[in-house]
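Enquirer:
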Amino acid sequence: MRRHKTQDGHPPGQERWLVTYSDLITLLMIFFIVMYSMSQVDANKFRAMAQSLSITLGGAAPSAVNLSETQAGDSFIESGSTESSTSTGQDDQQGVEQETTPSEGTGQGDTDYQESLTIEGIKAKLDQFAKENGIENKLVSSIEERGLVISIQDTLLFNSGSAEISTNSRAILKKISTVLSASPNYIKVEGHTCNLPIHTAEFRSNWELSVLRATNVVHILVDDGEIDPLRLSAAGYGEYRPIADNSTEQGRITNRRVDLIILRSKYDLLEPGSSSSNTTTGADSNGNSSN
């Protein structure tokens with residue numbers, strides 16, 4: 001039997017190999033594109049992505065903050081290196097230092113990003129601590145433009161109309177300070193009250209009460225938490241910086257608080273005595289201005 005031919009004289013299906021050939025060429029092109037893109041990996045972006053994944057999965061930025069927990073219970077929060085890290089050899093230590101040192105070409109944007117990762121890591125640990133101890137409504141942290149704001153309700157630290165910190169409150173502040181010590185940033189402690197007036201033999205007004213409460217918290221952070229006092233400052237705002245409506249009882253409870261603010265490093269210039277402000281004013285090593 002004679003084979004049928006198409007109108008142009010070629011047997012049917014003779015050019016099907018062109019389809020397979022074009023598919024093969026396309027796959028090769030995709031393969032080389034992928035190989036090229038893999039050879040252009042940005043080391044800084046890769047490191048930032050790894051740190052971001054670490055934060056998302058419940059950790060903190062490995063090169064910026066090292067926070068650990070103990071077993072279930074009172075969830076003591078620790079920072080700094082462990083005994084195992086101190087027992088490693090000199091070569092390992094040099095390797096870690098090289099890994100955590102910003103590479104050449106990194107700018108202020110990379111520094112800000114690293115700082116943001118540290119702040120997010122501290123916030124995650126504080127939120128976890130508050131949840132484990134059932135005080136998430138009295139210990140609230142939030143990230144703002146100026147940095148991390150940790151609001152502690154006054155009832156968690158003080159009795160009504162008092163600035164004395166109880167023993168249990170000292171333990172809570174010590175655990176908080178352990179987390180805060182992981183960051184070298186300046187810390188502002190701000191005392192706030194509601195608008196209910198106070199006039200006692202100890203406190204003439206809410207100004208005095210808010211200032212003394214902030215100052216007492218600073219003493220705990222220095223004495224028990226061992227935070228460098230050069231990083232700390234205290235301020236009292238009385239009832240004049242509310243964050244809720246003072247016309248309601250719940251609003252007044254919210255306003256009676258002590259805020260701990262981990263300032264972003266870009267605000268170091270505003271802190272008197274900082275290296276940035278000394279450089280700007282032309283102060284010498286003895287603190288004397290050259291102007």
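Note that the sequence shown ends on residue 291 in the UniProt record's numbering; no numbers are left out. No residue lacks a Cβ here, since even glycine has one placed at the ideal position from N, Cα and C.
(1) Residue range of the beta strand (DSSP E) that residue 192 falls in?
(2) Judging by CA-CA distance, which residue of 125, 188 and 133 is the nearest neighbour of residue 267?
(3) Output the residue ranges of the beta strand (DSSP E) runs that lie fully inside the segment 208-274 and measure 3 residues or longer, sorted by chain position.
(4) Can you check the segment 114-147 for any beta strand (DSSP E) of at least 3 residues that lies completely inside it and give the ranges in chain order?
(5) With H, G and I counted as helix, E and B as strand and the rest as coil, what does DSSP make of residue 151?
(6) Touching or not, the segment 243-250 and the segment 203-212, by the rule of three or more beta carbon pairs under 8 Å?
(7) Taking the alpha helix (DSSP H) that residue 37 belongs to, which residues open and close that run?
(8) Name the residue from 234, 182 and 139 whose alpha carbon lies nearest to the alpha carbon of residue 117.
(9) Let me confirm a value: residue 21 is counted as buried when at least 16 other C-beta atoms fall within 10 Å, else exposed. Which label applies?
(10) Please report the distance separating the alpha-carbon of residue 136 from that of residue 273.
(11) At the level of alpha carbons, what is the spacing between residue 164 and residue 122?
(12) Do the CB positions of residue 257 and residue 192 come within less than 8 Å of each other?
(13) Start and end of the alpha helix (DSSP H) containing residue 180?
Expert: To lay it out plainly:
(1) Position 192 of the sequence shown, counted from the start, is the residue given in the question as residue 192. Unbroken beta strand (DSSP E) run through residue 192: 187-192.
(2) Against the sequence shown, residue 267 aligns to sequence position 267. Checked all of 125, 188 and 133; the closest Cα to residue 267 is 188.
(3) 232-236 and 257-263
(4) 139-144
(5) The count along the sequence shown starts at 1 and reaches residue 151 at position 151. In the structure shown, residue 151 sits in a strand (DSSP, three-state: E or B).
(6) no
(7) The residue given as residue 37 occupies position 37 in the sequence shown. Residues 17-38.
(8) Here residue 117 is taken as the residue at index 117 of the sequence shown, counted from 1. Among 234, 182 and 139, the Cα nearest to that of residue 117 is on 182.
(9) One-based indexing of the sequence shown puts residue 21 at position 21. Label assigned to residue 21: exposed.
(10) One-based indexing of the sequence shown puts residue 136 at position 136. One-based indexing of the sequence shown puts residue 273 at position 273. Going from the Cα of residue 136 to the Cα of residue 273 covers about 35 Å.
(11) Start at 1 with the first residue of the sequence shown, and residue 164 comes out as number 164. Start at 1 with the first residue of the sequence shown, and residue 122 comes out as number 122. Roughly 27 Å separates the two Cα atoms.
(12) Mapped onto the sequence shown, residue 257 falls at position 257. Mapped onto the sequence shown, residue 192 falls at position 192. The answer is yes: Cβ separation under 8 Å.
(13) Taking the first residue of the sequence shown as 1, we reach residue 180 at position 180. Note, residue 180: alpha helix (DSSP H), 167-180.
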